[in-house]
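S.K.: Mapping of the sequence shown onto this note's numbering: position 518 corresponds to residue 1557, and the numbering continues sequentially without gaps. Structure in C-alpha cells, see below.
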Amino acid sequence: MDIQFVEGEHYKQLSEERVYRNFTIPANRGNLYDSNGSLLAASVPKYDIRFDAVTVSDKVFEENVLPLSKELAKMLGNTSSYYVHKLRTARAHNQRYVLITRGLGYSEYMKIKTFPIFNLGAYKGGLIVEQRTVREHPLGKMAERTVGYERQDEEGYFTRVGLEGAFGPYLRGTDGHRLKQKIAKGQWKPISDNNEVEPRDGYDVISTIDVNIQDIAHHALLKQLEDFEAEHGTVIVMETATGEIKAMSNLGRTDEGTYYEKRNYAVYEAHEPGSTFKLMAMVAALEDGVIDTSQIVDTENGVVRFYGRAVRDSHHGGYGKISAARAFEVSSNTAFTKMISEGYKNNPGKFVDRLDDMGVTRKIGLEIKGEGTPRIPHPDDKGWNGLSLPWMAFGYGVAVTPLQTLTFYNAIANDGEMVKPRFIKEVKEWDKTIVKMEREVMNPAICSPETAKKVREMMKNTVKRGTAANIYTPNFSMAGKTGTCQTEYWIEPGRYIASFAGYFPADNPKYSCIVVIHKPNRSKGYYGNTVAAPVFKRIAQKIYTDTPIMDELPSLEVESEAVEKDFEKYYTKVQNEKVLMPNVKGMPAMDAIPLLENLGLKVQVNGDGIVKSQSITAGQKIKSNQKVNLKLS
C-alpha cells in the first residue's frame, strides 16, 4: 500500500482549528459616572459554572458528590438530592459540559470555587468557569437615551447611541483571547483557567450629568406629559458658564399611555420652534439696528395679512400700539412680522446672514450621534417666497433642535458668549486623568453686550408681567420665553408644540433650561405658558431648594484654652462610663465603621454595601477595644 499526503500542512492546520480555537474574551467596559461620582453605567462580571463529569476520579467523586450537592443547594436553592441526581446522571453519561448555574456575581463565584470537588480546579475537579460581562444602569430607565449604548454586529459595525456610543473608544478597552477544545456534541471546553491574552479594561468616563438634577427634570417632565396626555417631550438643563449638560430627559408615549426614554428628541428632533425663535429675531434686528426696544408697533387688532395669509395674535383683538420690548413680553406675532418684514424688506438676506453669524444656521457638532440639522431658508433658495421672511419672524418655516435653541439662550445668559454644550468632564484610568475636556467657546460674541442686556431684561419681564406671568414667584427669579407652535398642520389642525426656554436666576444665571412638549391633548391645554413653563418652574424651584446658593463665611474655628479643658474633662468622663451599642443596621458601611471605631470598638466586616446584621445587639453595653462583626449586603 502506498500512502500519500496531499497538502498535508493545510489539513493538519484545519484539523487543529476544528479541535482547538481561540475565543474572544470581551474586555470590561469602563464605568460611566455622573459629575459627582455616581454610577450611570457599569460593567458587572457574571459567571456561568459548568462541570466536566469525566475528569474527576471515582474516589474523589464518590467521597464528595453529597457534600458538593449540599453546598450547591445552600447557594442555588434546589435540594441536595436534585444536585446528586444531576451530577450522577452526568457522570453516567460521560457528560463533559454540564450546566450548574448561570449569572453568578463575583463573590458567589469565589465561594463556589471552594466547594468540594470544585476546589480541585479544572483538571482534577472538573470545574469549568465562563465569564461574561453585563452592562448595568443604576438609574434604570431614567436618562436611558442620554446614557445610551454601543453594540457591535457580526460584521464588526457599531451602533452608537448616547454617551456610551459617543465615547465608546475610551470605554471599550481591548479584548482578550481564551483557547478552548472541541468536545462532544459541538461544545467547546476551556483548556485551562487562564486566558492566553488577558483583556484590558476600558477607561472610566466622568460625565457632566448630575443624577439629582436628572431626577428632578425627569419627574417634572413625566408629570406634565401624563397630565396633558402629550405624545412626547424633552427637557435639558445646562450649566450656564461652562455649557455642561446637567440633565437631559426624553420621554415618549406608549400605546398604553405610559412613558419611557424612546428617542433622544433633545439632540435629533429639528422642528418649528414657534415663539421661542423670537429671541433670535429680536437679537438680529437689534444688532442690525432695524428696530429699537422703544419703537412703537401697531398690532392692528391682532390680525395682519401677507399675500392673503393672516397672521394672528393669541390675544383676541391684539395689543394695540405697543413697544418692541412689550411685543416680545406678550409674544405678539403681528408685531414681530411687521418689525422684521419692514426692517429687512429691501434686503431679506441680511436677516438670514445675521442668523448665520450668530450660529443659528449650523449644527453644534456634538459627540453624541444623530444631531438634527437646522433649517433656515435663504432668499437664494428655490422655495423662498414672500411669506418666508414674515413667517420666520415668529418661528415658522424654520427648524432647530431643542439643544440648539438652548445653546442660543445660554449665550444670551452669558452676555453673548456662546459655549459648546458639553457632556463629558474627563476620561480616567483609576486616578489618572487620560483626557480632560475643557470649556469650548463656539462664538465669543453672538451679539453686543448692550443687545444681550436688553433682551435679558425682556425675558425677565416675560416672566414677571408677560406670557409667563403664571410661573412668576417673588421667592426666586427666572427669565425666559414661551413658545406655542402648530405642528403637522398639513395633516389636521389642532396639533401643537408647547415650549419654554430660559435661565435662572435671572440676574446671575446659574442654569439654562428648555422644555418642549409635543402634541398635548388640546382640550387640556396647549400654550407654552400652561404646558411647558410650569415644568421649567418646577425644575428651577427644586434646584433652588436642593442646591441653595451659599455665601462664604470667615472660619469660626478659634482656639480657646477654657473650651479645650472642658472638652478633656468631658471626654475622660465618657471614656470611663459604659457606652451603649448603637443600631447600625441599614447604614452604609462607610458611615457605620467610623461611628463604631469612634466608640472604641474593633470592627470586622464581611461583604460590602449596607449593614445587614451586627454581632452586638443595639442597646447592649460595650467596652473599649471590644470586637464587633458587621455583615453587609
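C-beta atoms are modelled at their ideal positions from N, C-alpha and C, and glycine is treated no differently.
1. Nearest to Glu1193 by alpha carbon, out of Thr1063, Thr1446, Ile1379 and Arg1534?
2. DSSP three-state call for Lys1468: helix, strand or coil?
3. With DSSP as the reference, label Gln1220 as helix, strand or coil.
4. Are the beta-carbon atoms belonging to Thr1279 and Pro1548 less than 7 angstroms from one another?
5. When the distance is taken between beta carbons, is Gly1165 closer than 7 angstroms to Val1083?
6. Just grab the DSSP bridge partners of Thr1140 for me.
7. What's the C-alpha gap between Arg996 and Val1644?
8. Just how far apart, CA to CA, sit Gly1625 and Leu1669?
9. Please report the residue range of the alpha helix (DSSP H) in which His1271 lies.
10. Quick test of your reading: Pro1387 and Leu1428, contact by CB under 8 angstroms. State the CB separation rounded to the nearest angstrom.
11. Quick check: what's the CA-CA separation for Ser1380 versus Gly1187?
12. Which stretch, first to last residue, makes up the alpha helix (DSSP H) that contains Glu1147?
13. By a C-beta neighbour count over all protein chains shown, 10 Å radius and 16 as the cutoff for buried, is Asp1352 buried or exposed?
14. If you measure between the beta carbons of Gly1564 and Thr1521, is that distance less than 7 angstroms?
15. For Asp1420, I'd like the list of residues in its chain whose CB is within less than 6 angstroms of its CB, leaving aside the five on either flank, ordered along the chain.
16. Which residue comes first and which comes last in the alpha helix (DSSP H) that contains Phe1390?
17. I think Ile1681 touches Ala1545, with their Cβ atoms under 8 angstroms apart; what is that distance to the nearest whole Å?
18. Residues in its own chain within less than 6 angstroms of Asn1509 by CB, not counting five upstream and five downstream?
19. Whose C-beta lies closer than 7 angstroms to the C-beta of Ile1252 among residues of the same chain, with five residues either side of it excluded?
20. Where Leu1111 and Gln1263 are concerned, what is the direct C-alpha to C-alpha distance, given to the nearest angstrom?
21. Could you give the C-beta distance for Phe1375 and Tyr1383, rounded to a whole number, given that I count them as a contact under 8 angstroms?
22. Helix, strand or coil: which one does DSSP assign to Pro1573?
23. Below 8 angstroms on the Cβ atoms is my contact criterion, and I expect Val1123 with Val1093 to pass it. Report the Cβ-Cβ distance as a whole number of Å.
24. Rounded to the nearest angstrom, what separates Asp1091 and Val1137 at their Cα positions?
25. Identify whether Asp1266 lies in helix, strand or coil by the three-state DSSP scheme.
26. Can you confirm whether Ser1551, when its beta carbon is compared against all beta carbons of chain D, has any partner nearer than 7 angstroms?
27. Beta carbon of Ala1438, beta carbon of Glu1270: below 7 angstroms?
28. Expressed to the nearest angstrom, what Euclidean distance is found between the alpha-carbon atoms of Val1306 and Gly1411?
29. When you compare each of Tyr1196, Met1378, Asp1240 and Ala1537 to Asp1327 by their alpha carbons, which one comes out closest?
30. With a cut-off of 8 angstroms on the beta carbons, I'd call Lys1085 and Arg1171 a contact; round off their distance for me.
31. Would DSSP call Ser1551 helix, strand or coil?
32. Could you give the distance in angstroms between the alpha-carbon of Arg1118 and the alpha-carbon of Ser1108?
33. Give the DSSP-derived three-state secondary structure of Tyr1358 in the structure shown.
M.R.: With the given structure in hand:
1. As a working note, residue 1193 is residue 154 in the sequence shown. Per the Cα distances, Thr1063.
2. As a first step, residue 1468 is located in the sequence shown; it is residue number 429 there, counting from the start. The sequence shown places Glu at residue 1468, not Lys. It is a strand residue.
3. In the sequence shown, residue 1220 corresponds to position 181, counting from 1. DSSP places Gln1220 in strand when its eight states are reduced to three.
4. Within the sequence shown, the letter at position 240 stands for residue 1279. Within the sequence shown, the letter at position 509 stands for residue 1548. The answer is yes: Cβ separation under 7 angstroms.
5. Position 44 of the sequence shown holds residue 1083. Position 126 of the sequence shown holds residue 1165. Their beta carbons are not under 7 angstroms apart, which means Val1083 does not touch Gly1165 by this criterion.
6. In the sequence shown, counting from the first residue as 1, residue 1140 sits at position 101. Beta-bridge pairing links Thr1140 to Ile1088.
7. As shown, the chain starts at 1040 and ends at 1672. That puts residue 996 outside it, with no answer to give.
8. Looking up residue 1625 in the sequence shown gives position 586. Looking up residue 1669 in the sequence shown gives position 630. So the two alpha carbons sit approximately 11 angstroms from each other.
9. As a first step, residue 1271 is located in the sequence shown; it is residue number 232 there, counting from the start. Segment His1271 to Glu1278 is the beta strand (DSSP E) holding His1271; no alpha helix (DSSP H) there.
10. Along the sequence shown, one-based indexing puts residue 1387 at 348. Along the sequence shown, one-based indexing puts residue 1428 at 389. The Cβ separation is near 5 angstroms, so the contact holds.
11. For the purposes of this step, residue 1380 is identified with residue 341 of the sequence shown, where counting begins at 1. For the purposes of this step, residue 1187 is identified with residue 148 of the sequence shown, where counting begins at 1. Rounded to whole angstroms, Ser1380 to Gly1187 spans 44 angstroms at the Cα level.
12. Counted from its first residue, the sequence shown places residue 1147 at position 108. That run of the alpha helix (DSSP H) goes Tyr1145 to Ile1151.
13. Mapped onto the sequence shown, residue 1352 falls at position 313. Buried is the call here.
14. By 1-based counting over the sequence shown, the position of residue 1564 is 525. By 1-based counting over the sequence shown, the position of residue 1521 is 482. In this structure, Thr1521 does not lie closer than 7 angstroms to Gly1564 by Cβ.
15. Start at 1 with the first residue of the sequence shown, and residue 1420 comes out as number 381. Once the five neighbours on either side are set aside, Asp1420 has no close Cβ partner at all.
16. For this step, residue 1390 is matched to residue 351 along the sequence shown. Taken as a continuous stretch (DSSP letters only), the alpha helix (DSSP H) holding Phe1390 covers Pro1387 to Asp1396.
17. With the chain represented from 1040 up to 1672, any question about residue 1681 goes unanswered, as that position is not in the structure.
18. Here residue 1509 refers to the residue found at position 470 of the sequence shown. If we look at Asn1509 and ignore the five residues flanking it on each side, its Cβ neighbours are Asn1568.
19. As a first step, residue 1252 must be located in the sequence shown, where it is residue number 213. Closer than 7 angstroms at Cβ, skipping near neighbours: Val1276, Lys1285, Ala1286 and Ile1582.
20. As a first step, residue 1111 must be located in the sequence shown, where it is residue number 72. As a first step, residue 1263 must be located in the sequence shown, where it is residue number 224. Near 50 angstroms, if we compare the C-alpha coordinates of Gln1263 and Leu1111.
21. Start at 1 with the first residue of the sequence shown, and residue 1375 comes out as number 336. Start at 1 with the first residue of the sequence shown, and residue 1383 comes out as number 344. Incorrect: roughly 12 angstroms between the Cβ atoms, too far for contact.
22. To locate residue 1573, count along the sequence shown from 1; it is residue 534. In the structure shown, Pro1573 falls within a helical segment according to DSSP collapsed to helix, strand and coil.
23. By 1-based counting over the sequence shown, the position of residue 1123 is 84. By 1-based counting over the sequence shown, the position of residue 1093 is 54. In fact, because the Cβ distance is near 18 angstroms, the residues do not count as touching under 8 angstroms.
24. Taking the first residue of the sequence shown as 1, we reach residue 1091 at position 52. Taking the first residue of the sequence shown as 1, we reach residue 1137 at position 98. Rounded to whole angstroms, Asp1091 to Val1137 spans 7 angstroms at the Cα level.
25. As a working mapping, residue 1266 is identified with position 227 in the sequence shown. In this structure, Asp1266 counts as helix in the three-state DSSP scheme.
26. This model lacks chain D altogether; it includes just one protein chain.
27. Taking the sequence shown and counting its residues from 1, one reaches residue 1438 at position 399. Taking the sequence shown and counting its residues from 1, one reaches residue 1270 at position 231. Not closer than 7 angstroms, so no.
28. Against the sequence shown, residue 1306 aligns to sequence position 267. Against the sequence shown, residue 1411 aligns to sequence position 372. Looking at the two C-alpha atoms, the distance is approximately 6 angstroms.
29. Stepping through the sequence shown from its first residue, residue 1327 is reached at position 288. The candidate whose alpha carbon is nearest that of Asp1327 is Met1378.
30. Position 46 of the sequence shown, counted from the first residue, corresponds to residue 1085. Position 132 of the sequence shown, counted from the first residue, corresponds to residue 1171. About 5 angstroms; that satisfies the 8 angstroms criterion.
31. Stepping through the sequence shown from its first residue, residue 1551 is reached at position 512. Ser1551 falls in the strand class under three-state DSSP.
32. Within the sequence shown, residue 1118 is the residue found at index 79, counting from 1. Within the sequence shown, residue 1108 is the residue found at index 69, counting from 1. Note on identity: in this sequence residue 1118 is Thr, with Arg being the wrong assignment. Cα to Cα, the separation comes out at about 8 angstroms.
33. Along the sequence shown, read from residue 1 onward, the residue named residue 1358 stands at position 319. Here Tyr1358 sits in coil by DSSP.
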